[in-house]
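Below is one structure, written out as structure tokens; comments come after it.
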Amino acid sequence: MTAVYLFLAAVFLLTAAVCIYIAAQGDEAIVILPEEREKLVCELTDERRAVFSLKVPFANAGRQDGIVLDAFARPLLPQEQFDLGILSIRLEREGFRRSDGYLEAFIARAGMHGNFILTMEFTPKKGVSMPELFAGMVDITIDIYCALAGRTAPKIIKTALLLPLEEIRSGAAKEAGA
Amino acid sequence: MKVVPVKTRILTARDDIVKAVAEYTRGQVGAGDVIAVAESVLAITQGRVKRPEDMRPCFLAKILCRFFPQKGSISAWHSMQALMEEEGRLRVLCAFVAGFLAKLAGRPGVFYKLAGEQARLIDDVTGTMPPFDKYIVYGPKDPAKTAESIRIATGCRGAAIVDVNDLQRAAVLGVSAGLDPKGLEAILRDNPFGNDSQKTPIVIIKDYAA
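As structure tokens, this is what we get:
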């Protein structure tokens, strides 16, 4: 009987030790930080297109390394709200920009800070001039999706980023004035 | 003796590695040459890749991965699960217990000796060139048999499947008949495949016999 109790006590102690060890390690916590983003910059504008970009920070605020398997952005700009042009969008990692829109999976070390670069390209619809496009501009919400893995279950996080129309117009005006 | 890296397109599970090697080395390989092929590319052509999202890590995988250094290839839920699926949960658990006790006694590396060769060969996500950076790449199956098939298909002196990295580590996983793995490892230690073995997954060792 004593042996059974000793065995159970050993199992209990081992389980408790493993639980404490894992809890002390913590987990990864990769977050996108839209509130820390930089202002929108207009990279070019002509009669056929207007290209903007901005940096969106991300961080691993956890105590374990995490893996960013993929990340992409999706503008919520339905034609019911804005029918003057088409917005195409690309998300890249700063320092690892590519010409193909592909985002290479990477390890986000614990405590790491980095930036995504969001590039937006407006193309006016037929018969719409660029000033008309910006005149009819609306606030744009962009969802940034991030597929993650690590020492927790793979998951997809989604973070909303709001671009006020004033900021878009202001960026375009600066480029036009430059 | 000269080592010549051979650039290929990205090979996938739709490719036959023997045909691909024959295609890309045509006109470059002589009877005295040896062909070495990167093991991860053989594994990819064998379809031995899996996305983390498609795995269902068991409780044991979730626990054991916590005891491995984060820089290692089996330190995440999905990569530990991949190892368990290949080598068996019981084997991995026993290797873990033995490795743990051996480490306490000052003998590191016992886990990797006991857990099966996949413990050394699995590449976690980010470990391979796009588009396979989003996949776990297992070690290949039947490397010696494949090496022999490559030798026959290309008419060269011999062929080998190798695991080479930038840390001056080369491991021959399988060779065709008559080749000395240790000699090949010494030649390939400087990683002639380059930083990413998928860009040049084949190297030709010219005049190996000489």
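So the protein lines, in turn, are chains Y and A. Reminder that position 47 of the first sequence reads as 47 in the numbering used here, one-by-one numbering, no gaps. Adding 1000 to a residue's 1-based position in the second sequence gives its number in the numbering used here. No residue lacks a Cβ here, since even glycine has one placed at the ideal position from N, Cα and C.
For residue i, write down the residues that DSSP places opposite it in a beta bridge.
i: residue 998/A; result: Residue coverage of chain A in this structure runs from 1001 to 1210, which leaves residue 998/A outside it and unanswerable.
i: residue 143/Y; result: 74/Y, 160/Y
i: residue 1059/A; result: In the DSSP output, where bridge partners are listed per residue, residue 1059/A has none listed.
i: residue 113/Y; result: 59/Y
i: residue 1163/A; result: 1171/A
i: residue 121/Y; result: 51/Y, 88/Y
Closer than 8 Å by C-beta to residue i: which residues in its own chain qualify, once you throw out the five before and the five after it? Chain order, please.
i: residue 1098/A; result: 1110, 1111, 1114
i: residue 956/A; result: It is not possible to answer for residue 956/A, since the shown part of chain A is limited to 1001 through 1210.
i: residue 1017/A; result: 1011, 1037, 1041, 1042, 1045, 1046, 1146, 1150
i: residue 1106/A; result: none
i: residue 5/Y; result: none
Would you say the beta carbon of residue i is closer than 6 Å to some non-hydrogen atom of the ligand PLP?
i: residue 1067/A; result: Looking for the ligand PLP in the displayed structure turns up nothing, as the structure carries no ligands at all.
So, is residue i buried or exposed, given that buried needs 16 or more other C-beta atoms within 10 angstroms?
i: residue 1104/A; result: exposed
i: residue 3/Y; result: exposed
i: residue 1135/A; result: buried
i: residue 102/Y; result: exposed
i: residue 1152/A; result: exposed
i: residue 91/Y; result: buried
i: residue 1124/A; result: buried
i: residue 1001/A; result: exposed
Counting along the chain, where does the beta strand (DSSP E) carrying residue i start and finish?
i: residue 42/Y; result: 41 to 45
i: residue 101/Y; result: From DSSP, residue 101/Y is part of no beta strand (DSSP E); its letter is neither H nor E.
i: residue 1023/A; result: From DSSP, residue 1023/A is part of no beta strand (DSSP E) but of the alpha helix (DSSP H) over 1017 to 1025.
i: residue 90/Y; result: 85 to 93
i: residue 1003/A; result: 1002 to 1006
Would you mind reading off the limits of the alpha helix (DSSP H) that contains residue i?
i: residue 1089/A; result: 1089 to 1104
i: residue 131/Y; result: 130 to 135
i: residue 4/Y; result: 2 to 25
i: residue 1147/A; result: 1143 to 1154
Less than 7 Å between C-beta atoms, sequence neighbours within five positions excluded: which residues of the same chain meet that for residue i?
i: residue 1161/A; result: 1037, 1039, 1042, 1140, 1143, 1146, 1147, 1173, 1174
i: residue 1093/A; result: 1060
i: residue 1188/A; result: 1036, 1162, 1164, 1170
i: residue 137/Y; result: 165, 168, 169
i: residue 1008/A; result: 1020, 1024, 1201, 1202
i: residue 56/Y; result: 32, 34, 37, 115, 116, 118, 144, 161
I'd like the list of long-range same chain contacts for residue i, defined as Cβ closer than 6 Å, with 5 residues on each side in sequence excluded.
i: residue 72/Y; result: 91, 145
i: residue 1084/A; result: 1061, 1092
i: residue 1156/A; result: 1029, 1033, 1035
Identify each residue in the segment 1042 to 1069 of chain A for which the Cβ-Cβ distance to at least one residue of chain Y is less than 7 Å, and report them in chain order.
1052, 1053, 1063, 1065, 1066
Cβ-based contacts, 8 Å cut-off: residues of the segment 149 to 166 of chain Y near chain A
149, 150, 151, 152, 153, 154
Chain A contacts from the segment 87 to 99 of chain Y (Cβ-Cβ distance under 8 Å):
none
Of all the residues that make up the segment 15 to 45 of chain Y, which are near chain A by a beta-carbon distance shorter than 9 Å?
18, 21, 22, 25
Which residues, taken in chain order from the segment 1111 to 1143 of chain A, show a beta carbon closer than 7 Å to some beta carbon of chain Y?
Within the segment 1111 to 1143 of chain A, the residues whose Cβ lies closer than 7 Å to some Cβ of chain Y are 1125, 1126, 1130, 1133, 1134, listed in chain order.
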